[in-house]
Each structure stands twice: as C-alpha cells, then as structure tokens.
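In my numbering, the protein residues as written are 238 to 467.
Backbone N, C-alpha and C fix where the C-beta goes; we use that ideal spot for every residue, glycine too.
Bear in mind that the values here come from a model prediction, so they are computed numbers and not experimental data.
Beneath this line is the structure, given in structure tokens, with notes to follow.
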C-alpha cells in the first residue's frame, strides 16, 4: 500500500530558516534563486524559497535523483507536477498559510493537501461554497473549526483531482460519521478517496486527500525533509 508522507515546516522558526538558507545553493537552481530575489515582499520570498526547497529536497531524497536533474512545472490550473524525471504515478502537493508550509507526496497515486490559518471570517461565505448540510455543520461551531475543516477538505480534494478552485466547491459534499470522512460528488457517493485532518500550532487546520489505496501517515513537523527522519 503506497504511503503518503507529510512534512510541515514553520517558516518563522529561525533555526529551520538558517538550515535551509545554508543548503539553498545545493538544492535550488540559479534561475530559481534569481526569481526569489525579484520578490518585493520578504514573506513572499521566504515562502517561495522554502516551498521550492521542500519540493526538490524531498523529491531528490525519495527518487535518489540530484536536485539539478529535477524540473517541476505547473499545469493550466497552476498545479505543480514533476516534469523531469518522468516517474509514473508519483505525485506531490503543497500548501501554505501564515507561518506554515506543508508538503505531501505519494509514490503511486494522487494527492492533495491544504492548510489554513484559523482566523475570523464572515460565515456567510459558507452559503456560497457549502451545501445545506455542510452549512449546518459549520454554523453549529462557534470556534470556526468546522468551517475550516470543511474548507481544507474541499481544497485538498479539488487539488488532488487537479482542478483547484476551478471546481465548484458546492459539488463536493463532506459528511462526518463515526470519525470517518465521507464524500459525495455531484450528489453521488464516492469511495475512491481517503481523507485525514490535522490541527497544528492550535490555529492551523490541515486536510489531506489521497487515493483510497494509500495510507496517510502522521505529519513530520519541523524536520528538514529526508526519508531517514520519517
């Protein structure tokens, strides 16, 4: 059974940043470093560098390929894919919010991950993107946890299928039963996918979507990614 590996890095962690920056020239290409230097905002530059670093470092470790031989390209929906080397069914995904960036990969299958910082929001947005039953689930929670659990689940699913927010979020409905997460797509039950939700740093909600045949591991937090640490 393919395993889904998940890494979470706190970008505000000074030690982590220093470790990455010390190793950056062995992982990122000159072109990628040049692009990073064109960001006007420090936060955007930081996110870009750490995201690229995680992507190439993990893929390099897993596939035993030198970083300079790895090319990642985005499709028409902006979803990154491994372009070089060509590896059948290998998939990865990443997301960031606030101080955290998360990366997930699976050796064979499809994967989607989303992280959101829990912050005040007008719940009327739920009426636009949630089904009636999901709205009830979201509105019954004063902490906003349910809203963000639903939102990250929806995003993880649409990212796994390669559609992102181009897929109407109301067409996928999540149901919670006996600690299980069930999914309906266009009013039809589907058992193709498995889901797992996490909460880190108290105010960050994460959801992962993967093929049903995949086993989703726990998150590896604040460890420079190498398969030896998992």
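query: Assigned exposure category for residue 305 - 16 Cβ within 10 Å defines buried; result: exposed
query: Proximity of residue 319 and residue 296 at Cβ, strictly below 8 Å; result: yes
query: Contact under 8 Å by Cβ, residue 243 with residue 350; result: yes
query: Burial state of residue 252, where buried means 16 or more other Cβ atoms lie within 10 Å; result: exposed
query: Beta-ladder partner(s) of residue 341, from DSSP; result: 243, 330
query: Exposed unless 16 or more other CB atoms sit within 10 angstroms - verdict on residue 410; result: buried
query: N- and C-terminal bounds of the beta strand (DSSP E) containing residue 380; result: Per DSSP, residue 380 belongs to no beta strand (DSSP E) and is neither H nor E.
query: Contact check, residue 300 vs residue 324, beta carbons under 8 Å; result: yes
query: Cβ-Cβ distance between residue 239 and residue 451 below 8 Å; result: yes
query: Integer Cβ distance of residue 384 from residue 360, believed to fall under 8 Å; result: 6 Å
query: Bridge partner(s) assigned by DSSP for residue 417; result: 414
query: Sub-8 Å separation of residue 386 and residue 447 beta-carbons; result: no
query: Straight-line gap, residue 357 to residue 284 (C-alpha atoms, nearest Å); result: 23 Å
query: Start-end ranges of the beta strand (DSSP E) lying completely within the region 249 to 312, minimum 3 residues; result: 308 to 311
query: Rounded C-alpha distance that separates residue 294 from residue 308; result: 12 Å
query: Endpoints, beta strand (DSSP E) assigned at residue 317; result: 317 to 321
query: Option in 263, 335, 302 with minimal Cα separation from residue 250; result: 335
query: Inter-residue CB distance, residue 407 and residue 366 (contact presumed, cutoff 8 Å); result: 6 Å
query: First through last residue of the beta strand (DSSP E) which encompasses residue 442; result: 441 to 448
query: Through-space distance from residue 272 to residue 424, alpha-carbon basis; result: 44 Å
query: Exposure label - residue 255; buried when at least 16 CB within 10 Å; result: exposed
query: Nearest neighbour of residue 370, chosen from 258, 412, 456 [CA to CA]; result: 412
query: Cβ shell of residue 363 (< 6 Å), same chain only, five flanking positions each side left out; result: 372, 375
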